[in-house]
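Visitor: Below you'll find the structure I mean.
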Amino acid sequence: MSRTPRSRPTKRTANRKSAASTPFEPAVFLATAALGRDISTHSKKTVIFAQGDDADAVFYIKKGKVKVAIVSKQGKEAVVALLGPDEFVGEGCLIGQPKRLATASAMTECETMRVSKTEIQRVLQDEPAFSQMFVSHILARNARVEEDLADQLFNSTEKRLARLLLLLANFGKEGRVEPIIAKISQETLAEMIGTTRSRVSHFMNKFRELGFIDYNGHLEVHNSLVGVLLADQPRTVSTPKDNISR
20 MSRTPRSRPT
30 KRTANRKSAA
40 STPFEPAVFL
50 ATAALGRDIS
60 THSKKTVIFA
70 QGDDADAVFY
80 IKKGKVKVAI
90 VSKQGKEAVV
100 ALLGPDEFVG
110 EGCLIGQPKR
120 LATASAMTEC
130 ETMRVSKTEI
140 QRVLQDEPAF
150 SQMFVSHILA
160 RNARVEEDLA
170 DQLFNSTEKR
180 LARLLLLLAN
190 FGKEGRVEPI
200 IAKISQETLA
210 EMIGTTRSRV
220 SHFMNKFREL
230 GFIDYNGHLE
240 VHNSLVGVLL
250 ADQPRTVSTP
260 KDNISR
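Note that the sequence shown covers residues 20 to 265 in the numbering used here.
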């Protein structure tokens with residue numbers, strides 16, 4: 020009996036297997052535009068998405084600084100986050116939020132990748148490497164929110180401002196602080212720590228006099244500012260203004 024020759028895999032099948040064996044790289048995914056993924060640049064003060072817009076995508080910040088703020092019905096703005104490279108914004112769409120609860124705007128020249136809700140849901144389900152990276156981001160953001168809440172509840176205005184400046188300067192990352200490139204107004208700083216602009220101005224002047232920060236075209240934060248957080252009592256000389264209720 021003649022034997023039927025075995026069929027050989029076609030080149031297309033071999034190529035498909037080769038592609039399937041290529042490990043998924045989250046960094047490559049977030050660096051290349053494709054179906055459901057669009058890369059955009061935003062000039063300073065440009066709105067990336069606005070409060071009340073349809074929540075239909077997650078944004079990955081590739082470059083620049085992004086401010087996230089909420090505006091009340093009375094028109095009062097509260098800044099809830101300042102985000103930078105390698106962070107996500109707009110994740111609320113993944114838990115069923117139909118509309119944006121906040122406005123995200125560019126504080127500097129920014130580059131972002133918009134990943135549609137459908138696409139990010141697909142990659143979260145199909146790619147464990149991306150899922151692990153994204154979950155780590157969510158957990159880090161959650162820890163930051165808890166720290167912010169504890170900061171508001173238990174720390175003085177001086178310590179809250181010191182902590183915020185250190186966070187903005189990436190204190191603790193790579194063992195050094197970095198200049199704060201984005202020009203952040205004292206009003207914005209006040210909104211983020213729950214105080215008035217005059218109180219922020221008061222402590223910013225104190226920090227500069229003590230050599231904790233410098234103004235030289237941009238704000239520079241020195242490692243010595245961490246001493247304000249570690250001290251049981253303020254390291255600065257008490258003034259009548261210091262005793263004003265928070």
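Glycine residues also receive a C-beta, built at the ideal position from the N, C-alpha and C atoms. Only a predicted model underlies this, so the values are computations on that prediction, with no experimental measurement involved.
1. Rounding to the nearest angstrom, what Cα-Cα distance links Gln70 and His241 in this structure?
2. Quick one: using the 10 Å Cβ neighbour count with 16 as the cut-off for buried, is His237 buried or exposed?
3. Within this structure, are the beta carbons of Pro104 and Ile80 separated by less than 7 Å?
4. Should Val66 be labelled buried (16 or more other beta-carbon atoms within 10 Å of its own) or exposed?
5. Do Val108 and Ala88 have their C-beta atoms closer together than 7 Å?
6. Spell out the partners DSSP gives Met132 in its beta bridges.
7. For the structure I just gave you, are there three or more beta carbon pairs, one from the stretch 181-192 and one from the stretch 140-159, closer than 8 Å?
8. Use the C-beta contact count for Ser210: other C-beta atoms within 10 angstroms, 16 or more gives buried, fewer gives exposed.
9. For Met132, tell me which candidate among Asn174, Thr60, Lys178 has the shortest Cα-Cα distance.
10. According to DSSP, simplified to helix, strand and coil, what is Phe149?
11. Alpha carbons only, please: which of Glu206, Asp75, Lys64 is nearest the one belonging to Gly55?
12. Quick check on Gly83: buried or exposed, where buried means 16 or more other Cβ atoms within 10 Å of its Cβ?
13. I'd like the ranges of any alpha helix (DSSP H) spanning at least 4 consecutive residues and lying wholly in the stretch 213-250.
14. Who are the Cβ neighbours of Ala181 in its own chain at under 7 Å, not counting the five residues just before and after it?
15. Which of the three DSSP states is assigned to Glu106 in this structure?
16. Helix, strand or coil for Ser204? Go by DSSP, reduced to three states.
17. Which first and last residues belong to the beta strand (DSSP E) in which Phe68 is found?
18. Can you say whether Thr137 is buried or exposed, counting buried as having 16 or more other CB atoms within 10 angstroms of its CB?
19. Using a Cβ-Cβ cutoff of less than 8 Å, which residues in the same chain neighbour Gln205 once the five nearest sequence positions on both sides are dropped?
20. Taking the beta carbon of Glu177 as the centre, do at least 16 other beta carbons fall within 10 Å, making it buried, or is it exposed?
21. CB-CB under 6 Å to Pro198, same chain, minus the five flanking residues each way: which ones, in chain order?
22. Hey, could you find the ends of the alpha helix (DSSP H) Thr176 is sitting in?
23. Would you identify the three-state DSSP class for Ser124, choosing helix, strand or coil?
Guide: On the basis of the coordinates in this document:
1. 35 Å
2. exposed
3. yes
4. exposed
5. no
6. Ile58, Tyr79
7. no
8. The question names Ser, but residue 210 is Glu in the sequence shown. Glu210 is buried by the Cβ-count criterion.
9. Thr60
10. helix
11. Asp75
12. buried
13. 216-228, 245-249
14. Leu244, Val247, Leu248
15. strand
16. coil
17. 66-68
18. exposed
19. Arg216, Val219, Ser220, Met223
20. buried
21. His237, Glu239
22. 176-187
23. strand
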